[in-house]
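See structure below.
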Amino acid sequence: MSGHADPIPMIARRSGPLSGVAEVPGDKSISHRALILGAMAVGETKVTGLLEGQDVLDTAKAMRAFGADVVQHGAGAWSVHGVGVGGFAEPANVIDCGNSGTGVRLIMGAMATTPITATFTGDASLNKRPMGRVTDALALFGAKAYGRQGGRLPMTIVGAADPVPARYTVPMPSAQVKSAVLLAGLNAPGQTVVIEKEPTRDHSERMLRGFGAELTVEATDEGHVITLTGQPELRPQTVAVPRDPSSAAFPVCAALIVEGSDILVPGVSQNPTRNGLYTTLVEMGADIEFQNPREEGGEPVADLWVKASSLKGIEVPPERAASMIDEYPVLSVVAACAEGTTIMRGVKELRVKESDRIDAMARGLEACGVRIEEDEDTLIVHGMGPGGVLGGATCKSHLDHRIAMSFLVLGLASQKPVSVDDGSAIATSFPVFEGLMASLGAVVERSDR
Ligand code: S3P
């Protein structure tokens with residue numbers, strides 16, 4: 001997609017009570033990993049519930065470029081005929097990962113220990129994001145990276161001809177970096193060790209084990225020590241992708257702040273490395289019932305019954321940040337509608353996401369009449385109480401899906417409508433957002449109609 005999509009201006013208006021069932025799409029992180037590990041297994045992996053957002057479609061296309069046979073059979077139903085660990089072919093063309101940091105970083109890892117060369121690019125947002133955090137680690141395996149200044153895309157990776165295993169302590173809490181190292185370790189002989197000081201989402205570890213890799217995780221004083229034995233034969237799997245808790249956050253938060261709402265969001269992953277937002281919302285006073293807890297596709301899931309709630313500001317513990325890193329934008333919207341102050345510390349990773357999310361939320365919330373304080377690592381939102389946010393502004397989305405959806409959720413509970421300059425990036429992770437929100441009674445529209 002590489003930034004060629006036309007901007008889609010959107011507007012959200014104060015809405016009556018939301019009600020109904022919100023079936024959000026499949027998990028983005030798990031969808032990328034299912035395609036990539038499927039491509040590295042020998043034989044046919046079947047995937048159901050795959051997120052058909054642009055980010056994941058770009059990863060599917062990339063896996064084809066590396067030689068895997070990736071086929072869509074029906075809505076969310078895909079198959080991947082993999083080429084085996086070390087079996088990637090050299091792509092004939094540049095790999096365009098669109099808006100997806102997860103896509104490009106994981107794929108760089110997956111190809112870095114195969115003797116092929118690939119050049120990666122993305123859209124205007126992705127081409128600003130730091131890749132050095134991945135390529136520093138891949139260099140330990142013997143891979144070389146040639147990118148733009150500051151380690152930006154477009155970038156060429158020359159895979160190691162004689163890879164050696166690596167031992168790497170991830171310097172920042174990043175599941176993408178951890179996963180890139182583990183995927184690179186697959187084709188290195190011997191044991192690759194990744195140490196993470198703070199636990200981050202563990203989908204790669206779960207899925208690598210599911211595909212038959214030998215992987216252990218040990219909790220030590222240093223943090224989690226993850227050891228992967230290289231050069232396994234990955235066995236194809238059937239992967240049932242659970243619904244994305246990061247996408248579910250939007251209807252859930254909308255229902256909490258729109259008076260009289262009562263919605264059900266079924267089958268949402270409650271993986272403890274992902275559910276920090278839900279813990280936080282409950283602490284703020286949210287009325288959320290976690291019904292039918294069960295296991296689906298190797299992940300804990302539950303049905304969420306959510307009712308509009310009177311919410312109070314809280315201090316979010318910084319050690320919770322990794323388990324809700326993508327949810328701070330929408331949490332800051334909930335915080336704006338709550339009574340009292342919400343303090344979010346330890347969130348500097350938000351500055352290197354699809355946009356600088358601290359800056360994007362602070363500027364948009366201020367334009368809507370909300371008082372904000374921020375520093376490099378902190379966002380503080382002074383709540384206006386139910387119905388207290390003025391709105392009436394056009395907020396910039398900076399090609400960031402979660403920023404666009406967060407401001408549209410705000411517009412549902414503000415006095416005046418809230419617009420976003422461009423909602424086109426919503427299609428990267430939540431292509432059915434508009435229709436799903438409308439089905440609940442939310443007034444979210446394209447404003448160019
Ligand atoms: C992801 C990891 C997180 C998250 C991103 C998805 C993943 O990024 O923000 O949306 O699937 O591994 P970081 O690894 O940069 O924290």
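Its first residue numbered 1, the sequence shown is counted upward by one per residue in my numbering. Glycine is no exception: its CB is placed at the ideal position from the N, C-alpha and C atoms. Remember, it's a predicted structure, so these values are computed and weren't measured experimentally.
### Message
Looking at serine 15: is its Cβ nearer than 7 Å to the Cβ of glutamate 354?
### Response
No. Outside cutoff.
### Query
In whole angstroms, what separates the C-alpha of serine 310 from that of leucine 18?
Going by the C-alpha atoms only, they are around 16 Å apart.
### Query
Going by Cα to Cα distance, which pick from Glu222, Met405 and Thr229 is closest to glycine 212?
The option with the nearest alpha carbon to glycine 212 is Thr229.
### Query
Count the other CB atoms within 10 Å of the CB of glutamine 237; is the residue buried (16 or more) or exposed (fewer)?
By the beta-carbon neighbour count (other beta carbons within 10 angstroms, threshold 16), glutamine 237 is buried.
### Query
Do the segment 191-211 and the segment 23-42 touch if we need at least three Cβ pairs shorter than 8 Å?
With the cut-off at 8 Å, the segment 191-211 and the segment 23-42 touch.
### Query
Hey, leucine 350 and valine 21: beta-carbon distance below 7 Å or not?
Their beta carbons are not under 7 Å apart, which means leucine 350 does not touch valine 21 by this criterion.
### Query
Hey, how far is the Cα of proline 163 from the Cα of alanine 367?
Cα to Cα, the separation comes out at about 52 Å.
### Message
In this structure, how does DSSP classify phenylalanine 211 when only helix, strand and coil are distinguished?
### Response
Coil at phenylalanine 211, not helix or strand.
#### Entry: Residue environment, tyrosine 146, which counts as buried when at least 16 other CB atoms sit within 10 Å
So tyrosine 146 ends up on the exposed side.
### Query
Which whole-angstrom value describes the C-beta separation of threonine 460 and alanine 160, a residue pair presumed to lie in contact below a C-beta threshold of 8 Å?
This structure cannot speak to residue 460, because the chain is shown only from 1 to 449.
### Query
Does the beta-carbon distance from proline 386 to methionine 361 come in below 7 Å?
Between proline 386 and methionine 361, the C-beta gap is not smaller than 7 Å, which leaves the two residues out of contact.
### Task
Put cysteine 395 into one of helix, strand or coil per three-state DSSP.
DSSP places cysteine 395 in strand when its eight states are reduced to three.
### Message
If you measure between the beta carbons of valine 134 and arginine 105, is that distance less than 7 Å?
### Response
The Cβ-Cβ distance between valine 134 and arginine 105 falls below 7 Å.
### Task
Check whether the Cβ atoms of methionine 10 and arginine 446 sit closer than 7 Å, and answer yes or no.
In this structure, methionine 10 lies near arginine 446, with their beta-carbon atoms less than 7 Å apart.
### Query
According to DSSP, which residues form a beta bridge with glutamine 291?
Glutamine 291 is bridged to Asp303.
### Task
Just the C-alpha distance for valine 217 and valine 24, rounded to the nearest angstrom, thanks.
Going from the Cα of valine 217 to the Cα of valine 24 covers about 31 Å.
### Query
With respect to 6 Å, is the separation between the Cβ of aspartate 326 and the closest non-hydrogen atom of the ligand S3P below this value?
Within the chosen limit of 6 Å, the ligand S3P reaches the beta carbon of aspartate 326 through at least one heavy atom.
### Query
Looking at the structure shown, is arginine 320 part of a helix, part of a strand, or coil, going by DSSP?
Looking at arginine 320 - three-state DSSP - the assignment turns out to be helix.
### Query
For glutamate 289, does the count of other Cβ atoms within 10 angstroms reach 16, so buried, or fall short, so exposed?
Exposed: under 16 other Cβ atoms inside 10 Å.
### Task
Give me whichever residues DSSP pairs with serine 269 in a beta bridge.
DSSP, once it has assigned bridges, lists Val301 as partnering serine 269.
### Task
Specify, as a first and last residue, the run of the beta strand (DSSP E) that lysine 46 falls within.
Start and end: 42-48.
### Message
Would you call the segment 393-401 in contact with the segment 372-379, where contact means no fewer than 3 C-beta pairs closer than 8 Å?
### Response
Flag = no, the segment 393-401 and the segment 372-379 do not touch.
### Message
Using 8 Å for Cβ pairs, my map puts alanine 302 next to glutamine 291. What's the rounded Cβ distance?
### Response
Contact flag correct, Cβ pair sits at about 6 Å.
### Message
DSSP has serine 19 in a bridge; who is on the other side?
### Response
In DSSP, serine 19 forms a bridge with Asp262.
#### Entry: Close-in-space but distant-in-sequence residues of the same chain around glycine 340 (CB under 7 Å, 5 per side omitted)
Answer for glycine 340: Lys312, Gly313 and Gly383, listed in chain order.
### Query
Where do the N-terminal and C-terminal ends of the beta strand (DSSP E) with phenylalanine 120 fall, by residue?
For phenylalanine 120, the enclosing beta strand (DSSP E) stretches over residues 117-121.
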